[in-house]
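Inspection log for the structure reproduced underneath, given as structure tokens.
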Amino acid sequence: MQASKKVGAVIVVGGGISGIQASLDLADSGFKVYLLEKSPSIGGVMAQLDKTFPTGDCSICILSPKLVDVGTHPNIELITNADLTEVSGNAGDFRVKILKKPRYVDEEKCTGCGDCVSACPYINLPDEFDMALRSRGNIFIPFLQAVPRVVMVDREHCVKCGNCQVICDAGAIDLYQKPEEIEIHVGAIIVACGFDSFDPSGIKEYGYGRYKNVITALEYERLVCASGPTGGHLDRPSDKKTPNSIAFIQCVGSRDVNHNPYCSSVCCTYAVKEAIMTKEHDPAIDVNIFYMDMRTHGKGFEEYYNRAKEEYGVRFTRCRPSSVEEIDSRKMLIKYENEDGKLMGDEFDLVVLSVGLKPPKEVKELSEKLGIDLNRYGFCSTSEYSPVETSKQGIYVCGAFASPKDIPESVAQASGAASKASSLLSSERGTLVVEKSYPPEKDVVGEDPRVGVFICNCGVNIGGVVDIPEVVEYAKSLLNVAYVEEDTYTCSRDAQDRIKGAIEEHDLNRVVVASCTPRTHEPLFRSTIREAGLNPYLFEMANIRDQCSWVHLHEKAEATEKTKDLIKMIVAKARLLEPLERIFVEVTHSGLVIGGGIAGMTVALELANQGYEVHLIEKEKELGGNLRRLYYSLSGVSPREHVNKLIDAVTKNSKIHVYTGTNIVDVGGYVGNFIVKIDQDGDEKDLASGVIVIATGGVEYKPEEYLYSEDDRVLTQLELEEKLANNELNAKTIVMIQCVGSRNEERPYCSRVCCYDAIKNALKIKEKSPDANVYVLYRDIRTPGFTEDYYRKARDEGILFLRYDEKEKPEVTLDDGILKVLVVDRTLGREFLIKPDLLVLSAAVLSHPGNKELSEMLKVPLREDGFFLEAHVKLRPIDFSNDGIFLCGLAHSPKSIDETLSQASAAASRAVKILSKDRVEAEGAVISVDEILCRGCGRCEEVCEYNALELKEIEPGRLVAQVKKVLCKGCGTCSVACPSGAITLKHFTDKQIIAMIDAMAGIF
Amino acid sequence: MVDDVLVIGGGVAGIQASIDLAGRGLKVYLVERFPSIGGKMAQLDKTFPTGDCSICILAPKMMECFSHENIDVLTHAEVKGVSGNAGDFRVKILKKPRYVDEEKCTGCGDCVSACPYINLPDEFDMALRSRGNIFIPFLQAVPRVVMVDREHCVKCGNCQVICDAGAIDLYQKPEEIEIHVGAIIVACGFDSFDPSGIKEYGYGRYKNVITALEYERLVCASGPTGGHLDRPSDKKTPNSIAFIQCVGSRDVNHNPYCSSVCCMHATKEAILAKEHYPSMENYIFYTDMRAFGKGFQEYVDRAKNEYEVRYIRSKPGEITEDKETKNPVIWYDDTVTRQVKRLEVGLVVLCTALVPSKGIKELADVLGVELDKNRFFKIADPLYAPLDSSREGILVCGYCQGPKDIPEAVTQAKGAAARAAEVLACLGA
Amino acid sequence: MDPKIVAFCCNWCSYAGADLAGVSRMQYPPNVRIIKVMCSGRVEPSFILRAFEVGIDGVLITGCHIGDCHYVSGNLRAEDRVKMAKELMKTLGLEEQRLRLEWISASEGEKFASVIKEFVEDLKSVGPNPLGKGEASCP
Amino acid sequence: MSLENIVNETKAYYCLECGKCTGSCPISRVNKGYSPRLTVEKALLGFDKELLADGGIWSCMTCNLCKDRCPSNVDYTKFIRYARAEALKTGYTGNCTHGGVLSSLMRIMGNPNLKQDRLGWVSDNLKISEKGDILYFTGCLPYFETLFKDIGVNSLDIARSTVKILNRIGIKPVVMPDERCCGHDLFWTGDLENFEKIAKLNVGLIRGTGAKKVIFSCPECYRTFKQDYSEYVDMDFELVHISEFLAEKIDEGKIDFGSLEEDVTYQDPCRLGRHLGVYDPPRKVISSIQGIGLIEMEHSRERSICCGTSTWTNCDRFSEQIQKERLKEAKAAADTLITACPKCQIHLSCAMKSKTPIDEVKIKDFSVLVASAMGLGDDP
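In order, the protein sequence lines correspond to chains A, B, C and D. Going by this note's numbering, the first sequence opens with residue 22, and the numbers climb by one from there. Going by this note's numbering, the second sequence opens with residue 20, and the numbers climb by one from there. Going by this note's numbering, the third sequence opens with residue 104, and the numbers climb by one from there. Going by this note's numbering, the fourth sequence opens with residue 103, and the numbers climb by one from there.
If you want it as structure tokens, here you go:
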């Protein structure tokens, strides 16, 4: 029952990477977002990680830009250090009560300068962020890149000595601040409260808590992290020495009926990552991972696992250690039974427990307040076909709280949840959002430069080191400087007004602020000078804090000289700054989806529900794709049925135009203005669309090995399922072989779904003929998350699992009509001969053969194995570097049905982010090409990664490079490649940079 | 004191001076280097501004001069030495052998057609056609006597056999004579500047780029093509002609002075071309249109309006050629529209400068007179003695003392004759 | 005389790394002046030569680790251009150590500081820029 | 020097505005906005500011076509050089190509305390000496090699071939280890201050080796030494281009250039041809190679067309059109184009990389051709 009047706002509970992604998607699609976080800063567990797999990116580097986006987004209201107390109302119209716990600091006034932190005398409390590996004071900043960058008082331990209040010039500290209850009115709720890592102290035999040198994987992350307690030096807790042998123990608290029976999905891959980080840190360290099944099933994870083994020399031992003991307080002894059944005891300097994921501790009351059901493991209960919907309408879930998953899947699910909320409230889109408006810009072209220089003290941070008055006098002496002002905090509210006043009063046409780093404060100052009628690009910052005063604390004279130089250089550049116009591009309000499988249809439906026209292009004669051949699913609902439901929803929906039996001939245009030429058996048509979603799916591998094509008793899993569905199965002994065509030289990736299908079909066989003998020959059984239950159920039903080694593959022979399978079982180490009536091969999932041609047309990259290469494995899994094109389903990589559906709605959400706008703004500081100087040599086109430059024949025989400003990202590589100097990168021109070099050397 | 007068140069000026002097009863010796008198005017087709046929108005004077009893015409002869001074000059003259007895030869021309070797360039027709070893300088030559090109003659004897008058004597010797005169008038005219030095115009490299004088012969009825404007490359009539002015004139690297006659000459040829070929397109590339003479400006206006001659104020930068059609292509900066353009035409006529005739330095030394910086004869005083050379008793008239057109040359010739008579009279008194 | 260093830092990784060194108060010698560019791929060989021409002692170019570049291949281009610049310097007789290319991620504040320290020591051992106080007259 | 003095110095007042210069200028033919005549006109009528700010003065190739053909002998090339010096003073420059790395290199080489290490290319089988009568000046070849090997031009092959040829005729040329760029581009872009420094440096170094005769393979160096150094420093040694030096050797019968079955055509470098009048020696040397066919291009000798760009400034679409036209003309003559100047080789090779259909011509340097004909091989 829909509420009478919907509200165009959404509350997102939980400020981890999922909460952040969902908030950004919604805020950019025209909805007001309240982001509620119980701790003092958003960032979640990801902020604590050092590196992320499989690329080894530095975690905070790829997270902090998103933190800053959330912190400065006009439509996102951040509510930190607060808890949800009560929820009433229903889908479209919820009332949510929130208790804001006191920070004892006024968020408006605090500039995060950190003077108070160093002034606090009591530094003895465990730093939660650094997993208590270091201590903090009573007043502290959660972590260096915290957003909001505001300190917090640990009132409980604070003795109210008042040092911090004295030192704080901004007068932001109020030790008697009261908790505050507020009520907000939203249309939908997204729960993204993440997870807690399993506390292994309960597993006594591993000695966590008893032995100092037994730590959890997250503690290990902090140890190796550069901004961590030890500055990135791997010092083990006991004696602060670098260990020369480390053991990782997998499945600590997971796949363990006494603790958590499910598989936490991420520990295998993060153990491999931490092993690789260690080896990169110091190759001499011996690393050994004790595992049961290496579950590196995600995209690129199998190659990452192989690299750990082959390139980095990480050792892998298949067993579950029985105990960890400390011998003579230096060494850790791990006892375990090796593959041959012998009891072993290896010594290590450090033991890292790969602890699993469990729901956050306060999730019990939270779910009651929200009125949503949890599953038997305490995670939010969802279904295979609606992975982001909770039991209550209007409340959605995403991230690890739905089920243990890694960052790319969480990000995809976050966008998926955003898309569901956006569909629900699409009628209210744009009602509660605010669009900043600015006065008309002053025309400064041709005027002599009049530069205003605003020099910041940043409290003591700069003023304490640099002699600011001397610098102010110096600045006044510089050519073209019309006004110089000194402030304690140039970034404060009142300083902005002084800047605007000075621009008016002294008729300034260039502004220079000498203070902290432009990376965080440039947007603020740019919008300030825009409010004073100056083009935002007539602005430059001199970083005299992070890159000067803070790093030359004890060399005050040199720091002052350096500050003068830095200001002189920035003023030299400022003189040559030009106003740049911001480029807007009209958006065609329709989407185009390539591929009519379950993924493509889901995207089409979600876009249509939000009111957008959709062109759905399918190569085959009818819709449905691979899932039409899947009759059963372990969660009950048959994929075939779900697909048929989708097909008739799509065909009925007036906004979706279906083109079956159609190929894409050519793709032109760019984000917001794509022109796609299609060929429907003969007649060609041009379709206009604002976005393109690739959902081309995958194809089953036709095995060349194991006599597949030579004997009709050898089938693939899909063929077996067809037989089961038509009850044509009359075999007594059935053998299944896993990893056929996957995880080998040619296709080094894991096809992800075959373990799931094999177990599903094996259980179906046992159901139909209980006395059948089913053998599964496997290398690793990869049933991540809750599907681990089915693996246990299969063993329960008497299905025999024999592990074979990659190098000793089973041999299938046919002598006079009898099929024979000979396998060496790794556990017993003995040969095993089976004469099956039926041999089922779990064939690999291949990328769609049409991807090559499509990737060339769309100019998006492919990996060598033919799957598409997304913009960023971790944080932009369904985007490409070129805007407006998105990706989901098997086209990304082999994945399960629920992951496909999350990605599909995620793609819809990313698409809506563009479609919901009339105009898309592009980067202003881009390149321009002088058409006279351009010789059409094409070297710029070769280096541009964004196809922003194209050689066009504007006259017969004359080529000229023309730039699509919308696609240009402003990196400037082409301007260096251009031999004739035809390309200038606005805002970073050669002249401007040379002027800075000359200024530094005192040339003028 | 002697009353005879020596006139050097048998062009229109020389002829006129001789006739005037002879008319006064004075004895005149007329020395001409070329085997016939007539000079450059004989080579012209028409004269501006009237458009009269050049040879028609010149031939009667040539005959009058040749047949005048007071005038001894010595053709194919050169002045070798002069001594003495005004009123009493001793002049050595070298009569170069014609290998034909002037007295006997009736000019019937049988010998010319008998000569088997017709492969030498005809100087008179600017090498546009070839002539034999024995030839008549040109149809209206005076004296109408053949001449043997002894250098190339193989002495096959055909001409001798054919000649009834027995006029051919292949072993004729040069003869030096000395005459005694009271005054000398020099009228040795001019030569046409060889533009092959100006490489950018491609004269000598592209067939269809010719000089103004060559053009005259092409369109002259008695010329090599019988007056049909057949361009050298394919002997076809071009549908457009471009005349380029100041080629070698007003050019400090060649001749700094302005040759004065080319502008009018081009206009004349353009008009005539239009008359002969109404569909012809004519272009004249000029820097300054110098139509300063009497009736000249009107002549140019008629050319523009009636005969659609297109005047382009530009001096072309370069001439190239279209390889297939052999049409010259002119690259020029149209200084009026300020655009660089390309014009393909059927034929290009270079209106080359007119320079002092070859050998003027030696003649001046022989005569003991000075030349000016442009190597024309220096005149004593442009206002009061415009016809006197730097040496008393020796007078200079016509083009050899500075650029001028035919009417001026004739006027100066008559002046020089009168001045000579005056000199003799004063000396005589 | 203390060596003077100009550093071209890419906005996304090494500039952030320098900031982090500041945030973490890692001290390093004040000889360096940082010029922000959007990508290490924006640095022209002429910037490097211009620096030496006007008397600067050392040029440091920092960018994202290979594979991390915000613009995908900017750092690879930077590698080629530094290679060319070093060849020119070798012929000019300028010591190769005066030009350094370092990959510094946003979280490697400490690496940034240690690179500066190392570079200053290097330059002290190599000595001042032989071209002296440049008096180049025209841009 | 004010614009008025420039007009007097170059006798620009003689201009009759006949347009022959603009009609001949290869740039004006493709670039409607540029006209030598109008530029002089502006100077004559006192539009100083507009002229100095006009980017066009940096497009002029200073190829002397207009100067040689001007009926009034206006020295337009010198006029442009002076105008550029004046423009430079008021802060205007041309569009530097390659980011301005070339002009930066030259200014660095004007610095007295530079100690170069530029003889890396001299391998063991190339015999050079420190002192001696004959000196071979290599100019910027080592730097061009680094900058332009990516478009397939190995400028140092010129140096190697020249030394091999000289060694073959018994000469171990002096090659100076710290020789500076001749400063041609500084001179022609008006940076006379640095030019003077470089001139003095180079002549001082040469005098130090006691050389009596200096051989150049680069026409720009040759002309700069021959015509532009004398104003700043006097030289007591002979200057000769490699082609002239080898041509003399033919007359003395001292040299046999071997044989090469190939049809070639020859690009007259502006500095060697029109600036210095050296047309025949290169042709004489080339045609003395047995079996070679030297076919002249449509525009050759005095009418030769420049390779499109000078002093590394304003290398734009117009230079490209000129270069493509030139390559077409070369292709019509022969499959191989012989250049006698490292810059011609670089600019024309770069034009060949154009994306529009272009006439494939093999471009080979004069010394490299001669060396390979003499069988001196191409091992370094």
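Every residue, glycine too, gets a C-beta built ideally from N, C-alpha and C. For clarity, every value in this text was computed on a predicted model and none was experimentally measured.
- If only complete runs of 3 or more residues are kept, the stretch 280-327 of chain D shows the beta strand (DSSP E) at 315-318, in order along the chain.
- For arginine 419 (chain D) against leucine 450 (chain D), the beta-carbon gap comes to about 16 Å, at or over 8 Å, which does not count as contact.
- A straight line joining the alpha-carbon of phenylalanine 853 (chain A) with that of valine 845 (chain A) spans about 6 Å.
- Closer than 9 Å at the C-beta level to chain D, one finds these residues of the stretch 217-232 of chain B: Ile217, Lys218, Glu219, Gly221.
- With respect to chain D, the C-beta atom of glycine 144 (chain C) has no partner C-beta closer than 8 Å.
- Taking 7 Å as the upper bound on Cβ-Cβ separation, chain D lies near residues Ile953, Leu954 of the stretch 936-954 of chain A.
- Per DSSP, the beta bridge partners of lysine 121 (chain A) are A:Ala103, A:Glu201.
- By the criterion of a C-beta distance shorter than 7 Å, leucine 202 (chain C) is surrounded in its chain by Ile151, Val162, Val185, Ala188, Lys189, Met192, once the five residues flanking it on both sides are discounted.
- Within chain D, the residues Lys134 have their CB atoms less than 8 Å from the CB of glutamine 358 (chain B), given in chain order.
- At a C-beta separation below 8 Å, glycine 201 (chain D) has these neighbours in chain C: Glu147, Pro148, Ser149, Phe150.
- Going by beta carbons, isoleucine 160 (chain A) and cysteine 141 (chain A) fall inside the 8 Å limit.
- Along the stretch 333-379 of chain B, the alpha helix (DSSP H) does not occur as any fully enclosed run of 4 or more residues.
- Residue-level contact by beta carbon fails for serine 285 (chain A) and chain D, as no gap is shorter than 8 Å.
- Beyond the five residues adjoining it in sequence on each side, proline 461 (chain A) comes within less than 8 Å, by CB distance, of Gly554 in the same chain, given in chain order.
- Against chain A, a Cβ distance below 8 Å from methionine 129 (chain C) picks out Val572.
- Proximity of chain D to serine 333 (chain B) at the Cβ level (cut-off 9 Å) is accounted for by Cys120, Gly121, Lys122, Thr124, Gly125, in chain order.
- Chain-order list of chain D residues neighbouring lysine 193 (chain C): Asp219, by C-beta distance under 7 Å.
- Distance from leucine 446 (chain A) to glycine 718 (chain A) at the Cβ level is roughly 31 Å; contact not present, criterion being Cβ atoms closer than 8 Å.
- For the stretch 437-459 of chain D, the residues whose beta carbon sits under 9 Å from a beta carbon of chain A are, in order, Cys452, Ala453, Lys455, Ser456, Lys457, Thr458, Pro459.
- Within the same chain, Cβ atoms closer than 7 Å to the Cβ of lysine 594 (chain A) are found at Glu561, Gln1013, Ala1016, Met1017, the five residues on either side in sequence being excluded.
- With 16 or more other Cβ atoms from the protein chains shown falling within 10 Å of its own Cβ, threonine 411 (chain D) counts as buried.
- Short of 7 Å from the beta carbon of alanine 783 (chain A), and not among the five residues preceding or following it, lie these beta carbons of its own chain, in chain order: Met757, Val795, Val797, Ala815, Ile820.
- A Cβ-Cβ distance of about 6 Å is found for the pair methionine 145 (chain B) and leucine 232 (chain B), placing them in contact under the 8 Å criterion.
- Two segments are said to touch when three or more pairs of C-beta atoms, one from each, lie closer than 8 Å; by this definition the stretch 323-338 of chain B touches the stretch 296-310 of chain B.
- Its chain contains Ser914 as the residues whose beta carbon lies nearer than 6 Å to that of lysine 320 (chain A), once the 5 sequence neighbours on both sides are disregarded; these appear in chain order.
- For a Cβ distance threshold of 7 Å, residue set Leu195, Gly196, Pro233, Leu234 of chain C lies close to leucine 216 (chain D), ordered along the chain.
- If you draw a straight line from the Cα of serine 215 (chain B) to the Cα of proline 275 (chain B), it is about 17 Å long.
- Residues Phe395, Phe396, Ile398 of the same chain have their beta carbon placed closer than 7 Å to that of glutamine 420 (chain B), with the five preceding and five following residues left out of the count.
- Neighbourhood of leucine 303 (chain D) in chain C, by CB distance below 7 Å: empty, with the nearest CB roughly 13 Å away.
- Its Cα nearest to that of glycine 703 (chain A), the residue A:Gly682 stands out among A:Gly682, A:Tyr691, A:Phe695, A:Ile194.
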